[in-house]
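Read top to bottom, the protein sequences are chains W and F.
Reminder that position 53 of the first sequence reads as 53 in the numbering used here, one-by-one numbering, no gaps.
Reminder that position 338 of the second sequence reads as 1338 in the numbering used here, one-by-one numbering, no gaps.
Beta carbons: idealized from backbone N, C-alpha and C, even for Gly.
These notes are about the structure you will find just below.
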Amino acid sequence: MSSQLVGWRDLPLGAVAFISSKEYPTGEWAVFQPKIDEKKCIKCGLCWMYCPDSAYRWDGEGVPVPDLDHCKGCGICEVECPTKAIEMIRV
Amino acid sequence: MAVLKKVEQVMMALNGDEAVAWAVKQSNVDVVSAYPITPQTIIVERISEFVNNGEMDAEFIHVESEHSALTAAWGAALAGARAFTATAANGLALMWEILYITASTRVPVVMAVVNRALSAPINIHNDHSDTMGARDSGWIQIYSEDAQEAYDNTIMAFKIAEESLFPVMVTLDGFTISHTLQNVSVLPDDVVSDFVGVRRIPRIKLPRIHGDKEIPLMFNPKYPITFGPLDLYDYYFEHKVQQNEAMKETFPIIERVHKEYGEISGRSYEPVFMVPYRTEDADAIILGLSSTMSVVKKVVDDLRERGKKVGAIRLRVFRPFPADFLRRELSKFHAVGVLDRCISFGGEGGPLFNEVRSALYGLPSRPIVHNYIYGLGGRDLPRSLIVKIYEELLSARAEPEVPVVKYVGVRE
Ligand code: SF4
Ligand code: SF4
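Printed below as a string of structure tokens:
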């Protein structure tokens, strides 16, 4: 998050977002985080597709990488992974 | 009300709902979303007829609930349209979530609310529990006394909303106004159309840390922006303060729009926020909202004939609350009776009373203020009871420590 917080007079009108979601490290809430066993991963992309927070980074070929700044630890990827390559680890 | 008829107007026999529908028809509205609910139904029925007959060039969206009605109006207005919807009572309650969202995103939707009691038990008649409950949602609220005013307020509401960037509720009393036929002076189409103009989209400046960009405050694929997503303890408070401070700045806008409207129609409703009636030299005043005040004025006339120094003040704008005007206006009277057509359960009197008494508290000399809760669920307030209120106010001695809150016209 930006360290330059502005006061109410300088905010744009209408509750318009001016801090992008990239700057909100919502992953700070997470109690669990996914850990991928690269040997078991078949690179199907299901974890990337199902993640409700679009937290996975994936180039379409390699092993997806969870962006832990934005993963909220819901565990959906763990459930959806067909090869059980994902394990949720307590932070 | 100053009458300086500036343009030729036609006199039409309209009930309050039809008067609102006419105002909407003439105000260059692009989108109307609606779900019918008694006693508002006639408004959206008439509008749908206008659209169907080609008399009004608007998109009419039929939705499955009031929650969706306001959501659709909000979305349309965010996309740049002039949007209108209407509701009453439980319908307004169902819009709750979107009331706040519309106001916080500063979207100038106009909504007619035909005041009706809230359930349970179900009751379709008039009181103000619906809009009084919505008083904190960030909407401007203008209360109409009759069908003529419902017509005038609706037209002015579009301009007030778009210039202030706040949504506006125009209220009219269920059945008393909504279903009662009255002679209404209707302005020519082109005069109203010129008055409200075409909706202009404001521009907003993003903070310097984001490159000093200026973009239109609307959905536009060219300048993608997100409205109201997530704002935690870092910015939510600032957004709310900004909204509240902005609401206080709507007073001059509301006044100016009334003045401009007065110039074309001859009906200026000045003073805009509260309309005094025979208050000069009055000792006791009844202050209240909407159609009830017509009856109160008649009682004032009767009592004046009998030499009683009484007067009345009708509050037209409840949000923003015109506390400064009240302080100036009310300090000179001996006693003020505040009429509330609403109960605030567990509160110390009705909502109007609470704010009036609170506005006056810091004055070195302030009137005695009593609260009279009346007319719930459409219960009549006969003249005889209004006379009794005046008698009580005239003989009241000192401002009591514990507020006097009475139910008028209820069986004990
Ligand atoms: S745990 Fe939930 S939020 Fe985190 S990467 Fe998996 S699916 Fe996404
Ligand atoms: S769902 Fe499992 S197997 Fe598929 S890409 Fe993600 S981690 Fe690999």
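Run down chain B in chain order and give the residues with a C-beta less than 7 angstroms from the C-beta of F/Ser-1104.
No chain B is present in this structure, whose protein chains are W and F.
What is the DSSP secondary structure of W/Lys-84, reduced to helix, strand or coil?
In the first sequence, residue 84 of chain W corresponds to position 84, counting from 1. Note: W/Lys-84 maps to coil in three-state DSSP.
At a cut of 8 angstroms, does the stretch 14-34 of chain W reach the stretch 1226-1237 of chain F through at least three beta carbon pairs?
In short, these stretches touch, since the Cβ pair count reaches three.
Taking only beta-carbon positions, decide if W/Arg-9 is within less than 9 angstroms of chain F.
Here residue 9 of chain W is taken as the residue at index 9 of the first sequence, counted from 1. Closer than 9 angstroms: yes.
Taking all protein chains shown into account, do 16 or more other C-beta atoms lie within 10 angstroms of the C-beta of F/His-1239, making it buried, or fewer, making it exposed?
By one-based count along the second sequence, residue 1239 of chain F stands at place 239. Burial call: buried.
In angstroms, rounded to a whole number, what distance separates the CA positions of F/Leu-1092 and F/Thr-1131?
Taking the second sequence and counting its residues from 1, the one referred to as residue 1092 of chain F is at position 92. Taking the second sequence and counting its residues from 1, the one referred to as residue 1131 of chain F is at position 131. Between F/Leu-1092 and F/Thr-1131, the C-alpha separation is close to 8 angstroms.
Mind pulling the chain F residues with CB within less than 7 angstroms of W/Tyr-56?
Counting from one through the first sequence, the residue named residue 56 of chain W turns up at place 56. The contacting residues do not exist; W/Tyr-56 stays about 20 angstroms from chain F at best.
So which residues of chain F does W/Leu-5 contact, with C-beta pairs closer than 9 angstroms?
Position 5 of the first sequence, counted from the first residue, corresponds to residue 5 of chain W. Result: Asp-1234, Tyr-1235 and Glu-1238.
Using 9 angstroms as the threshold, is the C-beta distance between F/Ile-1389 and F/Val-1408 below it?
Taking the second sequence and counting its residues from 1, one reaches residue 1389 of chain F at position 389. Taking the second sequence and counting its residues from 1, one reaches residue 1408 of chain F at position 408. Closer than 9 angstroms, so yes.
When you compare only the Cα positions, how much space is there between W/Arg-9 and W/Lys-43?
For this step, residue 9 of chain W is matched to residue 9 along the first sequence. For this step, residue 43 of chain W is matched to residue 43 along the first sequence. Roughly 49 angstroms between the two C-alpha positions.
Give the interface partners of F/Gly-1228 over in chain W, defined as CB-CB distance under 7 angstroms, in chain order.
Against the second sequence, residue 1228 of chain F aligns to sequence position 228. The answer, in chain order, is Ala-15.
Would the stretch 21-34 of chain W count as touching the stretch 64-74 of chain W if we require 3 or more Cβ pairs under 8 angstroms?
Verdict: yes, contact present.
How would you label W/Pro-12, buried or exposed, when you count the other beta carbons within 10 angstroms and need 16 or more for buried?
Translated into the one-based positions of the first sequence, residue 12 of chain W becomes position 12. So W/Pro-12 counts as buried.
Measuring CB to CB, does F/Pro-1010 end up less than 9 angstroms from F/Pro-1188?
One-based indexing of the second sequence puts residue 1010 of chain F at position 10. One-based indexing of the second sequence puts residue 1188 of chain F at position 188. Rather than Pro, the amino acid found at residue 1010 of chain F in this sequence is Val. In this structure, F/Pro-1188 lies closer than 9 angstroms to F/Val-1010 by Cβ.
Report all residues from its chain with a CB closer than 6 angstroms to the CB of F/Lys-1205; omit the five preceding and five following residues, and keep chain order.
Residue 1205 of chain F sits at position 205 when you count from the first residue of the second sequence. Same-chain partners within the cutoff: Glu-1214.
Among F/Val-1110, F/Gly-1133 and F/Ser-1137, which has the Cα closest to the Cα of F/Ser-1104?
Looking up residue 1104 of chain F in the second sequence gives position 104. That would be F/Ser-1137, whose Cα lies nearest to the Cα of F/Ser-1104.
So which of F/Asn-1053, F/Ala-1083, F/Asp-1301 and F/Ala-1023 has the shortest CA-CA distance to F/Ser-1033?
On the second sequence, position 33 is the one that residue 1033 of chain F refers to. When only C-alpha atoms are compared, the closest one is F/Ala-1083.
Contact criterion: CB-CB distance below 9 angstroms. Does W/Met-1 meet it with respect to chain F?
Working through the first sequence from its first residue, we reach residue 1 of chain W at position 1. Note that W/Met-1 scores a pLDDT of 45, beneath 50, so its modelled location is shaky and nothing firm can be said.
Expressed to the nearest angstrom, what Euclidean distance is found between the alpha-carbon atoms of F/Asp-1380 and F/Ser-1290?
Counting from 1 along the second sequence, the entry for residue 1380 of chain F is found at position 380. Counting from 1 along the second sequence, the entry for residue 1290 of chain F is found at position 290. Cα to Cα, the separation comes out at about 14 angstroms.
Do W/Pro-52 and ligand 1 come close, with the Cβ less than 8 angstroms from some heavy atom?
Within the first sequence, the letter at position 52 stands for residue 52 of chain W. Indeed, a heavy atom of ligand 1 lies less than 8 angstroms from the Cβ.
State the CB to CB distance for the pair F/Ile-1142 and F/Ser-1027, rounded to an integer number of angstroms; the pair is presumed to be in contact (CB under 8 angstroms).
The residue given as residue 1142 of chain F occupies position 142 in the second sequence. The residue given as residue 1027 of chain F occupies position 27 in the second sequence. So it is not a contact: roughly 15 angstroms between Cβ atoms.
What residues of chain W sit near F/Leu-1099, judged by a beta carbon separation below 9 angstroms?
Taking the first residue of the second sequence as 1, we reach residue 1099 of chain F at position 99. None at all; the shortest Cβ gap to chain W is about 14 angstroms.
Only counting runs of 3 or more residues, tell me where the beta strand (DSSP E) segments fall wholly within the stretch 1103-1144 of chain F, in order along the chain.
You should have 1110-1115 and 1140-1143.
Could you give the distance in angstroms between the alpha-carbon of F/Lys-1308 and the alpha-carbon of F/Phe-1321?
Reading the second sequence from its first residue, position 308 is the one you call residue 1308 of chain F. Reading the second sequence from its first residue, position 321 is the one you call residue 1321 of chain F. Approximately 30 angstroms between the Cα atoms of the pair.
Within 10 angstroms of the Cβ of F/His-1128, are there 16 or more other Cβ atoms? Answer buried if so, exposed if not.
By one-based count along the second sequence, residue 1128 of chain F stands at place 128. Buried: at least 16 other Cβ atoms inside 10 Å.
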